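> Mind having a look at this structure? Questions to follow.
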Amino acid sequence: MDLYLTEEQEMMRRMVRDFAREEIAPLVESMEETDEFPLALIRKMGEYGLMGIPTPEEWGGTEADFLSYIIAIHEISKVSPAVGVILSVHTSLGINPILYFGNFEQKKKYLPRLAGGHYIGAFALTEPNAGSDAAKLRTTAVKQGDNYILNGSKIFITNAGAADIFITFAITDKDKGTKGISAFIVEKDTPGFSIGKAEKKMGLHGSSTCELIFENAEVPVDNLLGEEGMGFTIAMANLDVGRIGIAAQALGIAEGALEHAIAYSKERKQFGKPISAQQAIGFKLADMATQTEAARLLVYRAATLRNEGLNCSMEASMAKRFSTDNAMKVTTEAIQVFGGYGYSREYPVERYFRDAKVTQIYEGTNQIQRLVISKYLLVDKKNSRELKCNGLQTI
Amino acid sequence: MNIIVCLKQTFDTEEKIVIENGAISEDGVEFIINPYDEYAVEEAIKLRDEVGGEVTLVTVGPDRAETALRTALAMGADRAVIVNDEELFGDQFTTAKVLATVLKDREYDLIIAGNMAVDNGSGQIGPRLAEELNIPQVTTITKIDVDGNKVTCERDVEGDLEIIETTLPVLVTAQQGLNEPRYPSLPGIMKAKKKPMERLDASDLNLDPAAVQSPTVVEEIYLPAKKDAGKILSGDLADQVKELVQLLHNEAKVV
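Protein chains in written order, with my numbering: chain A, 112 to 506; chain B, 1335 to 1589.
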C-alpha cells in the first residue's frame, strides 16, 4: 500500500509541519525545563482548528477526516511528543466520548469550547489499582437528588493540570461488574473535586499528568454520559482511535530522533571523516530508517481502515505495539550515534528517548496490545473486518 | 474593494537546486507560494476584512501551481484564476502581458504583487503589469493604508523610508516587513476546495501566443562556481601585511 494523501491532507500536513517548526519548536526547551503546560500554544492551536480536527463543523470542529487528525499528531510529535499527547488525549478521549455518547445539551455545552481549544479535555479512568485491568475501579458514584456524589481517586491523568472537563469513570452498581460502571463529565470547579499532586515524569515534560481526588464531589445528574452502566462501553469505544493516535505520536518520535541522528552523523568527524561515512553508523541509520518506514505503513494502514469506517482493532493494536517499540529502539540508537553528546541534555535525542518510553505503556500497555492481537488470531479472520464488537469486552 | 493578488508558485527556499540536461530539475522538489507573494496575500485578506470586498488570486503556471492557489484560498482569499497554457509561459514580458489580458476586463481597485519571485528574482512583473494597465505603482511597500480612494504607502528604499500618497486604482509590490503571513487554518483548508477556481488558456483570453512570445533567450543555466577555501597568512605580522598587499595587487587584482 502506498501513502497517497489527498490535496487537502497534503495541505494540512504542510500547515501542521510549518506550525510545529515555527510555533512549537521554540517552546520545546522551556517546556522541558519548567514542565509547564503550554496553554497559550494550545489556545493558538485552537484558533487554527487543530484542537477539534475530526469534530463535526456543527459542533465547532474542523470536520476533517480521521487521517488528517493522525497526520497532525504525527507531524507535531516529530517536534514535540508532549504537545502530540496533549492533542491526542484532548481529541480522542476528551471530545470523542461526548461526541459519540453525549446528549444534545451536553454536546451544545461542551463541544464547541473543546473543539475551539477554549476548553481542554481529559480522561479519568486509571486508578492506583485499576490500570490494564480497567474494570477494577473503586471510585463510586451515588445518586442523591440532582447530583451524583463521587468518591475515590484517579492517577496518571494526562492534561489534568490544565483540563476544564474530565470524562470520569465510577461505579454506580458494584454488583454488576463492568456493567455497573458509569461515565460522567466532571467540570474542574466541581465542589468536592480537586487536582492532586503532579507526577514528576521521566519525559513528556509540559504535558500535565496529575492525580485526581473526589471527596463527595457533586456532579449534576445532567452530566451523566449516556446511561447508567454504559461507562465501560464508553471507555472501550475509543480505544482504536486512541491507540492509532499514540502509534502516530511514537512514529513522530522515531522520525524526529532519526532526523537528528542523520544530521549529526554528517557533521561529527572522527578518524578524519564524518561518522556517517563509517559503515557501522551508515548501517545503523539504514536499520533505523527501515524499521521506522515499517511503523509508518502500519500506522497509516490502521488509520486508513478507521478512516473508511472499518473495524481496525487488530491493526490499531499492531500499529501501536510496533510503532512504540520502534520509537524506543530508534531513540536508543540515536543516542548511540551521538555518543557521549547523546547522553547530554545539550542535544535533543535523550529527550526523544525519555518521551518514547511511556508510549509502550499508556493507551494500553504493549502486553495488552499483544493480548488483543492474539485474540483476533482466534476468530475467523475473514469475518473479523465486519465485527462490530472490538473484541475487548472481556479484557 | 476588489483586490487582485498576483501570485507565483516557486521552489521551497530550502530546496537544493539541481541542473539536469540544461534545465533545473523539479524531481522531488517541494513547491511553495513565493514568500513575497505570501505577504501580498496576507495584506489583501487584512484589507478585505477591514473595508469589505473580494480578494482574487491570479497566477500563470502549470497544474501544480493550483496547490499554491488552494493554499492562499485556505488562508482566506475568495477566488482564484489560473492561466495554464504552455504557449503562454515565458519571461517577465510574456507573463505581464498575460496578466494584463486577464485583468483588463475585470474590476479592480488594488493590485498587490510580490516585490519579486525568489526563483528568477527579476522583480519586473509588478512594474510591467502596472504599465500595461496604465495605473500608478508603488514598489517594495512595508505599509499600506487605504482611506476611501486615498492610498498611503510606506516604501522601503534600500533601507531608507519613503512615504507615498496616491489614489486607487494602484498596483503595489510587497516587501519583507509588510506583515506576518498567517498559516492556512484547517477549517480554511476544508473550505478552500469549494471556492471558485477559473482555468484559462490562450483561446479563453483571445490572446495570440505569438504576440506575447518571450523576447529573452536562455542560452545556458549553470550553478555558481564552487568557492575555494580562503588563504590564511602566517608568520611575522609585518611580513603578513606585505604579503597581503602583494596578493591584493597581483592575485586578487582589487587594488
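All residues carry an ideal CB built from backbone N, CA and C; glycine is no exception.
Being a predicted model, the structure only gives us computed values, none of them experimental.
Roughly how many angstroms separate the alpha carbons of Val1579(B) and Pro1558(B), rounded to a whole number?
27 Å
> Along the stretch 1508-1527 of chain B, where does the CB come closer than 7 Å to a CB of chain A? Name the residues.
Against chain A - using a Cβ distance shorter than 7 Å - the residues of the stretch 1508-1527 of chain B are Tyr1517, Pro1518, Ser1519, Leu1520, Pro1521, Ile1523, Met1524, Lys1527.
> Closer than 7 Å by beta-carbon distance: list the chain A residues that pair up with Ala1408(B), in chain order.
Met122
> Out of Ile364(A), Gly195(A), Gly383(A), Val352(A), which one is the CA nearest neighbour of Arg412(A)?
If we check each option's Cα against that of Arg412(A), Val352(A) comes out closest.
> Report the residues of the stretch 1395-1419 of chain B with a CB closer than 9 Å to any CB of chain A, ordered along the chain.
If the cut-off is 9 Å between Cβ atoms, the stretch 1395-1419 of chain B has Glu1400, Thr1401, Arg1404, Thr1405, Ala1408 near chain A.
> For Lys1528(B), count the other beta carbons within 10 Å of its own beta carbon; 16 or more makes it buried, fewer makes it exposed. Which is it?
exposed
> Counting only Cβ pairs nearer than 9 Å, list the residues of chain B close to Thr173(A).
Ser1519, Leu1520, Pro1521, Ile1523, Met1524
> Listing by chain order, which chain B residues have their CB less than 7 Å from the CB of Phe130(A)?
Tyr1517
> Pro1521(B) and Thr1500(B) look like a contact to me (Cβ under 8 Å); what is the Cβ gap, rounded to whole Å?
Approximately 36 Å separates the beta-carbon atoms of Pro1521(B) and Thr1500(B); this is outside 8 Å, ruling out the contact.
> By DSSP, does Leu336(A) sit in helix, in strand, or in coil?
strand
> What residue from Tyr473(A), Lys486(A), Ser485(A), Gln480(A) has the CA that sits closest to Val200(A)'s CA?
Minimum Cα-Cα distance from Val200(A) among the listed residues Tyr473(A), Lys486(A), Ser485(A), Gln480(A) corresponds to Tyr473(A).
> Exposed or buried, which one is Gln1426(B) when buried takes at least 16 other CB atoms within 10 Å?
buried
> Taking Tyr159(A) as the query, report the chain B residues whose CB atoms sit under 7 Å from its CB, ordered along the chain.
Under a criterion of Cβ atoms nearer than 7 Å, the residues of chain B adjacent to Tyr159(A) are, in order, Tyr1517, Ser1519, Leu1520.
> Could you work out which residues of chain B lie near Ile164(A), taking near to mean beta carbons separated by less than 7 Å?
Leu1520
> Can you tell me whether Asp466(A) is buried or exposed? The criterion is at least 16 other CB atoms within 10 Å of its CB, across all chains shown.
buried
> Nearest-angstrom Cα distance between Asp1573(B) and Leu1567(B)?
9 Å
> I need the boundaries of the beta strand (DSSP E) containing Arg1533(B), first residue and last residue.
Going by DSSP, Arg1533(B) is part of the beta strand (DSSP E) stretching over 1531-1534.
> Determine, using beta carbons only, whether Met126(A) comes closer than 8 Å to chain B.
Yes, Met126(A) lies at the interface with chain B (some Cβ there is under 8 Å from its Cβ).
> Does any C-beta atom of chain D lie closer than 8 Å to the C-beta of Glu378(A)?
Protein chains in the displayed structure are A and B, and chain D is not among them.
> Over the uninterrupted beta strand (DSSP E) stretch that includes Glu1488(B), give me the two end residues.
DSSP places Glu1488(B) in the uninterrupted beta strand (DSSP E) bounded by 1484-1491.
> Would you mind listing the alpha helix (DSSP H) stretches within the stretch 250-277 of chain A that are 4+ residues and don't spill past its ends, in chain order?
none
> For a test of the three-state rule: what should DSSP assign to Met245(A), helix, strand or coil?
Note that residue 245(A) is Ala in the sequence shown here, rather than Met. It is coil, neither helix nor strand.
> Using DSSP's beta-bridge definition, name the partner residues of Asn349(A).
Answer by DSSP bridge pairing: none, since Asn349(A) is not bridged.
> Listed in chain order, which residues of the stretch 227-261 of chain A have Cβ atoms closer than 7 Å to some Cβ of chain B?
none
> Quick check on Asp1453(B): does DSSP put it in helix, strand or coil?
coil
> Might you give, ordered along the chain, the residues of its own chain that have their beta carbon closer than 6 Å to the beta carbon of Lys189(A), omitting 5 neighbours on each side?
Gly363, Glu366, Gly367
> On the criterion of 16 or more Cβ atoms from any shown chain inside 10 Å, does Glu1554(B) qualify as buried, or is it exposed?
exposed
> Name the residue from Tyr1556(B), Leu1571(B), Glu1577(B), Arg1489(B) whose alpha carbon lies nearest to the alpha carbon of Gly1356(B).
Tyr1556(B)
> Buried or exposed for Val410(A), going by 16 or more other Cβ atoms inside 10 Å?
buried
> Quick one: grab the DSSP three-state call for Asp1346(B).
Asp1346(B) carries a coil assignment under DSSP once its states are collapsed to helix, strand and coil.
> Since Met425(A) and Val483(A) should fall inside the 8 Å C-beta cutoff, what is the C-beta to C-beta distance between them, to a whole number of angstroms?
Indeed they touch by this definition, with Cβ atoms about 7 Å apart.
> Does Glu169(A) have its Cβ less than 8 Å from a Cβ in chain B?
no
> In this structure, does DSSP put Pro385(A) in helix, strand or coil?
Strand at Pro385(A).
> Count the C-beta pairs between the stretch 1407-1414 of chain B and the stretch 1434-1444 of chain B that are closer than 8 Å, then say yes if the count reaches three, no if not.
no
> Please list the terminal residues of the continuous alpha helix (DSSP H) segment that includes Asn477(A).
477-488
> From which residue to which residue does the alpha helix (DSSP H) around Gly1460(B) run?
1459-1467
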